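Comments concern the structure below.
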Amino acid sequence: MVIQLSEQQREEIATILARAIRRTLDKAAAKDTQDTSQLPSQPEVADESQS
Numbered sequence: 018m019v020i021q022l023s024e025q026q027r028e029e030i031a032t033i034l035a036r037a038i039r040r041t042l043d044k045a046a047a048k049d050t051q052d053t054s055q056l057p058s059q060p061e062v063a064d065e066s067q068s
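To get the working numbering, take the position in the sequence shown, counting from 1, and add 17.
Printed below as a string of structure tokens:
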């Protein structure tokens with residue numbers, strides 16, 4: 018099945034996809050920074066391995 022789109026429709030779809038991708042990447046980046054900032058602040062793990 019072939020769908021014919023006008024130039025404007027193609028640009029609108031591209032804009033929506035770009036926004037969705039950027040939002041997803043931003044969420045992933047925010048999650049990554051949260052994860053890495055939590056790693057050093059877990060003294061319980063370090064204490065268990067020393068004892």
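Here a beta-carbon is modelled for each residue, glycine too, at the ideal position from N, C-alpha and C. Being a predicted model, the structure only gives us computed values, none of them experimental.
- Three-state class that DSSP yields for Gln21 in the structure shown: coil
- Task: Identify, in the order they occur along the chain, each residue of the same chain with its Cβ nearer than 8 Å to the Cβ of Ile30, setting aside the five sequence neighbours on each side.
- Result: Leu22
- Could you tell me the distance, in whole angstroms, from the CA atom of Leu34 to the CA atom of Arg27? 11 Å
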